[in-house]
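*Asks:* My questions will all concern the structure given below.
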Amino acid sequence: MAASESYPDDLLYHPEHDWARIDGDEAVLGVTWYAQDALGELVHYEPPSVGASVSKDNSYGEVESVKAVSDLISPLSGEVLEVNEKVVDAPETVNEDPYGDGWLIRIRMTNPNERERLLSIGEYRKLLDEG
Amino acid sequence: MQTLRRTPLFEQHVALGARLVPFAGWEMPVQYEGVIPEHKAVRTDAGVFDVSHMGEIEVEGPTARDLLQSALSNDVDRLEPGQAQYTLVTNETGGILDDVIVYRLDEHRYLVVANASNKDTVYGWLKERELRGSDVRDVSDDYALLAVQGPHALAKLGLEPATAFTWSMGEIDGVEVMINRTGYTGEEGVELACMSEDATRLWEAVLARDITPCGLGARDTLRLEVCFPLHGNDIGPQWDAISSGLGWACALATEFTGVERLREIKAAGPEQKLVPFVMTEKAIPRQGMAIEGGGEVTSGTMSPMLEVGIGMAYVPAAAATAGTEIVIDVRGKSRRGVVKKKPLYKKEHS
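Protein sequence lines, in the order shown, are assigned to chains B and X. Quick note on this note's numbering: the first sequence kicks off at 1 and runs consecutively. Quick note on this note's numbering: the second sequence kicks off at 132 and runs consecutively.
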């Protein structure tokens, strides 16, 4: 069952429709409701390896629907601490719960100042409205 | 920029919340609720597709048979009124300009249904071969075409089963339709042709019979599970019909463009073959991906029924036997698959 449209206000957003939930020097990353809706039901998640480096604005993995492939753009730089195996096994989890069970990776940030360049909920909504 | 054409059902698609995409110059519904639920509706119940973008060309006259026999690959003489035939338009090298279905309407009248993207090519091909006593007309705008497919399609439409590749005239809730026993999903079903002005009535009548609207996304995954080639993906001018596995639609004893080349390829055996495959590792193959040792993927998706990556690919003839392992370059990563026999998806008989 697909989730209904929402954008939690405790997250930081990247214009490529990715989100970050920061906790200390760690961050959990995922894609927004808009991204999963645009793709349709996800059928494959190609995650990075644990221990791999991810860098802000670059691809750290891929998600695929029946029809399309989409790069996952990292909103922050860091080292991958954990991959959400639940999404590897059941990619549709992202459609059902993009901000909860559908998270994608957890990282340790290597440049926490990057957070200041991410969008607030207000800024991200504005970007969506401008479409 | 070219404006996109719309079928007579465009407003109906918008009202149903369809996601519309450009396809072969048309603005078409790729999905309504979602590709996977629509796919499963067709496999388990019944779905309807608006395929009015496809082209219809009428060939009429006492020499219509002669024209079609020389212009198309299959043997048109095997076609009686009331029957339909899958056939190809081939070029000098035996490559495929389009795959079409020819319906024999009566003694001297045929209807050629072509892919939307190739309609002008097919019309031009037939028109320039017009003979004295044959008339070729593009009647695409006159007709709407709905494919109603699935194990419950006939019952829901109130139709009796009939032989595949036949057609008859009939009526669905007061709309006069040509009922074609053809389809592109591997399921039982029909393709209904009606006059364009009746399209909305027919569409509404079909939906009222509890048949799920389905987009081109599901049409593509359905046809791929049963290994029906798609022109522009799996077949095209660059691959000869024998390599494409469509030798059965080429009557090599008849004369048509490219037949000499096809006879040679048939005699020598093709160097490459179009084969279906399934992934044995977690990955989704996509059109254009290279195969280790030669070859390329021409169609790929995640199979909604099998829940694995599936596809079709050209591989060297030596690697075309079912059971042969293939390695596909999935955006830089090597992922394994195995060549299979057609079809990839087969209904379990109960």
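In this text, a Cβ means the ideal position worked out from N, Cα and C, and glycines have one as well.
From Arg174 of chain X to Glu158 of chain X, what does the alpha carbon distance come to, in whole angstroms?
*Replies:* Translated into positions along the second sequence, residue 174 of chain X becomes position 43. Translated into positions along the second sequence, residue 158 of chain X becomes position 27. Approximately 26 Å, taken between the alpha carbons.
*Asks:* In chain order, what residues of the stretch 156-182 of chain X put their CB closer than 9 Å to some CB of chain B?
*Replies:* Val161, Gln162, Gly165, Val166, Ile167, Pro168, His170
*Asks:* Quick one: is Asn137 of chain B buried, meaning 16 or more other Cβ sit within 10 Å of its Cβ, or exposed?
*Replies:* Chain B is shown from 1 up to 131; residue 137 of chain B falls before or after that span and cannot be answered.
*Asks:* Name the residues in the stretch 400-417 of chain X whose C-beta lies less than 8 Å from a C-beta of chain B; which are they?
*Replies:* Those residues of the stretch 400-417 of chain X that come within reach of chain B (Cβ to Cβ, closer than 8 Å) are Lys413, Ala414, Ile415, Arg417.
*Asks:* Consider the Cβ of Met433 of chain X: report whether some Cβ of chain B lies at a distance smaller than 8 Å.
*Replies:* In the second sequence, residue 433 of chain X corresponds to position 302, counting from 1. Any Cβ of chain B closer than 8 Å to the Cβ of Met433 of chain X would place that residue at the interface, and such an atom is present.
*Asks:* Report the start-end ranges of each alpha helix (DSSP H) in the stretch 202-269 of chain X that is 4 residues or longer and not cut off at the edges.
*Replies:* Segments of the alpha helix (DSSP H) lying fully in the stretch 202-269 of chain X: 250-258.
*Asks:* Just to confirm, are His144 of chain X and Pro193 of chain X a CB contact at a threshold of 8 Å?
*Replies:* In the second sequence, the residue the question calls residue 144 of chain X occupies position 13. In the second sequence, the residue the question calls residue 193 of chain X occupies position 62. Not closer than 8 Å, so no.
*Asks:* Determine which residues of the stretch 62-85 of chain B have a Cβ less than 8 Å from any Cβ of chain X, and write them out in chain order.
*Replies:* Glu62, Glu64, Ser65, Val66, Lys67, Val69
*Asks:* With a cut-off of 8 Å, does the C-beta of Gly348 of chain X fall near any C-beta of chain B?
*Replies:* Within the second sequence, numbered from 1, the residue matching residue 348 of chain X stands at position 217. Chain B, which has a Cβ nearer than 8 Å to the Cβ of Gly348 of chain X, makes this yes.
*Asks:* Please return the same chain residues whose Cβ sits closer than 8 Å to the Cβ of Glu302 of chain X, not counting the five positions on each side in sequence.
*Replies:* On the second sequence, residue 302 of chain X is found 171 positions in, with the first residue counted as 1. Hits under 8 Å: Val308.
*Asks:* From which residue to which residue does the beta strand (DSSP E) around Ser94 of chain B run?
*Replies:* What you label residue 94 of chain B is simply residue 94 of the first sequence in a count that begins at 1. One detail in the question is off: residue 94 of chain B reads as Val in this sequence, not Ser. Element bounds for Val94 of chain B: not the beta strand (DSSP E) but the alpha helix (DSSP H), 93-96.
*Asks:* Counting only beta-carbon separations shorter than 8 Å, does Thr352 of chain X have a partner in chain B?
*Replies:* For the purposes of this step, residue 352 of chain X is identified with residue 221 of the second sequence, where counting begins at 1. Judged by the 8 Å Cβ criterion, Thr352 of chain X is in contact with chain B.
*Asks:* Between His14 of chain B and chain X, is there a C-beta pair that is closer than 8 Å?
*Replies:* For this step, residue 14 of chain B is matched to residue 14 along the first sequence. No, because no Cβ of chain X sits closer than 8 Å to the Cβ of His14 of chain B.
*Asks:* On the DSSP letters alone, give me the boundaries of the beta strand (DSSP E) that Phe154 of chain X sits inside.
*Replies:* Here residue 154 of chain X refers to the residue found at position 23 of the second sequence. Element bounds for Phe154 of chain X: 150-154.
*Asks:* Compare the C-alpha of Leu199 of chain X against each of X:Ala172, X:Val231, X:Leu140 and name the closest.
*Replies:* Translated into the one-based positions of the second sequence, residue 199 of chain X becomes position 68. Taking only the C-alpha atoms, the option nearest Leu199 of chain X is X:Val231.
*Asks:* So Gly102 of chain B contacts chain X; which residues on that side make the cut at Cβ distance below 9 Å?
*Replies:* Translated into positions along the first sequence, residue 102 of chain B becomes position 102. In chain order: nothing, as chain X lies at least about 16 Å away.
*Asks:* Could you tell me whether the Cβ of Gly40 of chain B comes closer than 8 Å to any Cβ of chain X?
*Replies:* Numbered from its first residue, the first sequence carries residue 40 of chain B at position 40. Interface residue, yes.
*Asks:* In this structure, does DSSP put Tyr274 of chain X in helix, strand or coil?
*Replies:* Against the second sequence, residue 274 of chain X aligns to sequence position 143. Looking at Tyr274 of chain X - three-state DSSP - the assignment turns out to be strand.
*Asks:* Taking the alpha-carbon positions, what's the Lys473 of chain X to Pro98 of chain B distance?
*Replies:* By one-based count along the second sequence, residue 473 of chain X stands at place 342. By one-based count along the first sequence, residue 98 of chain B stands at place 98. Between Lys473 of chain X and Pro98 of chain B, the C-alpha separation is close to 38 Å.
*Asks:* Under the DSSP definition of a beta bridge, which residues are partnered with Thr432 of chain X?
*Replies:* Residue mapping note: residue 432 of chain X aligns to position 301 of the second sequence, counting from 1. According to DSSP, Thr432 of chain X bridges with X:Ile441.
*Asks:* Just by C-beta distance, which residues in the stretch 43-60 of chain B are closer than 9 Å to chain X?
*Replies:* Val43, His44, Glu46
*Asks:* With a threshold of 16 other CB atoms inside 10 Å of the CB of Gln369 of chain X, please say whether the residue is buried or exposed.
*Replies:* By one-based count along the second sequence, residue 369 of chain X stands at place 238. By the 10 Å Cβ count, Gln369 of chain X comes out exposed.
*Asks:* When you compare each of X:Leu147, X:Val233, X:Leu228, X:Ala202 to Ile188 of chain X by their alpha carbons, which one comes out closest?
*Replies:* One-based indexing of the second sequence puts residue 188 of chain X at position 57. If we check each option's Cα against that of Ile188 of chain X, X:Val233 comes out closest.
*Asks:* Tell me which same chain residues have a C-beta within less than 8 Å of the C-beta of Glu402 of chain X, skipping the five on either side of it?
*Replies:* By 1-based counting over the second sequence, the position of residue 402 of chain X is 271. Cβ within range, chain order: Ser374, Pro447, Ala448.
*Asks:* Could you have a look at Asp132 of chain B and say whether DSSP puts it in helix, strand or coil?
*Replies:* Absent from the model: residue 132 of chain B. The displayed extent of chain B is 1 to 131, so no value can be given.
*Asks:* Can you list, in chain order, the residues of its chain with a C-beta nearer than 8 Å to that of Glu92 of chain B? Leave out the 5 residues immediately preceding and following it.
*Replies:* Residue numbering aside, residue 92 of chain B sits at position 92 when the first sequence is read from its first letter. For Glu92 of chain B, where only same-chain residues beyond five positions count, the Cβ hits under 8 Å are Glu41, Leu42, Val43.
*Asks:* Determine, using beta carbons only, whether Ser481 of chain X comes closer than 8 Å to chain B.
*Replies:* Counted from its first residue, the second sequence places residue 481 of chain X at position 350. In this prediction, Ser481 of chain X has a pLDDT of 41, which is less than 50 and means its spatial position is unreliable; what the coordinates show is noted afterwards. For Ser481 of chain X, the answer is no, since every Cβ of chain B falls outside 8 Å of its Cβ.
*Asks:* Got a sec? Which residues, its chain only, sit under 6 Å from Arg21 of chain B by beta carbon, not counting five neighbours each side?
*Replies:* If you number the first sequence from 1, residue 21 of chain B lands on position 21. Contacts found: Leu11, Val28.
*Asks:* Under a three-way DSSP split, which group does Pro407 of chain X fall into?
*Replies:* For the purposes of this step, residue 407 of chain X is taken as the residue at position 276 of the second sequence. Looking at Pro407 of chain X - three-state DSSP - the assignment turns out to be strand.
*Asks:* Can you say whether Arg117 of chain B is buried or exposed, counting buried as having 16 or more other CB atoms within 10 angstroms of its CB?
*Replies:* Translated into the one-based positions of the first sequence, residue 117 of chain B becomes position 117. So Arg117 of chain B counts as exposed.
*Asks:* In chain order, what residues of the same chain have a beta carbon less than 8 Å from the beta carbon of Glu96 of chain B, not counting five sequence neighbours either side?
*Replies:* Residue 96 of chain B sits at position 96 when you count from the first residue of the first sequence. The beta carbon of Glu96 of chain B sits closer than 8 Å to the beta carbons of Met1, Ala2, Ala3, Gly102 from its chain, once the five residues preceding and following it are set aside; these are given in chain order.
*Asks:* Going by the beta-carbon positions, is the gap between Val83 of chain B and Val50 of chain B smaller than 8 Å?
*Replies:* By 1-based counting over the first sequence, the position of residue 83 of chain B is 83. By 1-based counting over the first sequence, the position of residue 50 of chain B is 50. Yes. Within cutoff.
*Asks:* Could you check which residue in X:Ala444, X:Tyr163, X:Arg263 has the C-alpha nearest to that of Glu423 of chain X?
*Replies:* Residue numbering aside, residue 423 of chain X sits at position 292 when the second sequence is read from its first letter. When only C-alpha atoms are compared, the closest one is X:Ala444.
*Asks:* Starting from the Cα of Phe141 of chain X, find the closest Cα among X:Glu395, X:Glu328, X:Glu322 and give me that residue.
*Replies:* As a first step, residue 141 of chain X is located in the second sequence; it is residue number 10 there, counting from the start. With distances taken between Cα atoms, Phe141 of chain X lies closest to X:Glu328.
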